[in-house]
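Q:
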Amino acid sequence: MSNFEPEIVAFCCHYCAYTAADMAGTRRISYPSNVKIIRVPCTGKVDAIHLMKALEKGADGVYVAGCLEGDCHFKDGNLHAAAHVEKIKKILEELGWEPERVAMMHFSAGMGEKFAQAAKEFTEKIKSLGPSPATQTVGKAV
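Just so we're on the same page, the numbering used here is the position in the sequence shown counted from 1, plus 9.
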C-alpha cells in the first residue's frame, strides 16, 4: 500500500477556490497531480449526490473548496455546500467508511499557497486511509 496514490476530486468555486488553484499554478507552487479539479459556478451547486457519485466512481477522497465563510459571491452558497458535506460525512459513517474522505475548505482568490498546502495535506490524509471502500468492493460478489 506504500505505493498507493489516491484519486482526489476537488469541486472548486469559480470565483475563489479555482482562482486560488490557478494562482498556485501561476506561481509554480506545486500540489499533487492526483487532485482533479472540477470548476463549478458556486459550491452551493454541488449537491450531496455529486459527492457520492465521485466516491462511487472511484475517488478515494472528495473535497469542496469555496469562498471564505461570509464572502460567498452567491450570498450563502458555501454554507449550503458545507451542509451537504456534513450530510455525506454522516452517511459515510453509517456505511462504515471514514468520514474524513470528504471535506469542506474555504479560500479567497489570493490564497494559492494555502490551496496547494491544503491539497497536499488532504492527499496525505487520504493516502493514510488507503483506497476507497468502493474500489475494494468493485467486482466482488455480494
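Ideal placement from N, C-alpha and C gives every residue a C-beta, glycine not left out.
Taking DSSP's pairing of strands, which residues face V18 in a bridge?
A: As a working mapping, residue 18 is identified with position 9 in the sequence shown. In the DSSP output, where bridge partners are listed per residue, V18 has K45 and V71.
Q: Report the start-end ranges of each alpha helix (DSSP H) in the region 67-122 that is 4 residues or longer and not cut off at the edges.
A: 86-104
Q: Looking only at its own chain, which residues have a Cβ that is under 7 Å from the Cβ of K134, when we skip the five neighbours before and after it?
A: For the purposes of this step, residue 134 is identified with residue 125 of the sequence shown, where counting begins at 1. So the qualifying residues of the chain are E109.
Q: Between S42, A90 and L77, which lies nearest to L60 when the distance is taken from Cα to Cα?
A: In the sequence shown, the residue the question calls residue 60 occupies position 51. Among S42, A90 and L77, the Cα nearest to that of L60 is on A90.
Q: Once the 5 residues before and after R48 are set aside, which same chain residues still bring their CB inside 7 Å of it?
A: Taking the sequence shown and counting its residues from 1, the one referred to as residue 48 is at position 39. Here the set comprises C21, H23 and Y27.
Q: Determine the DSSP secondary structure at S39, reduced to helix, strand or coil.
A: Numbered from 1 along the sequence shown, position 30 holds the residue referred to as residue 39. It is coil, neither helix nor strand.
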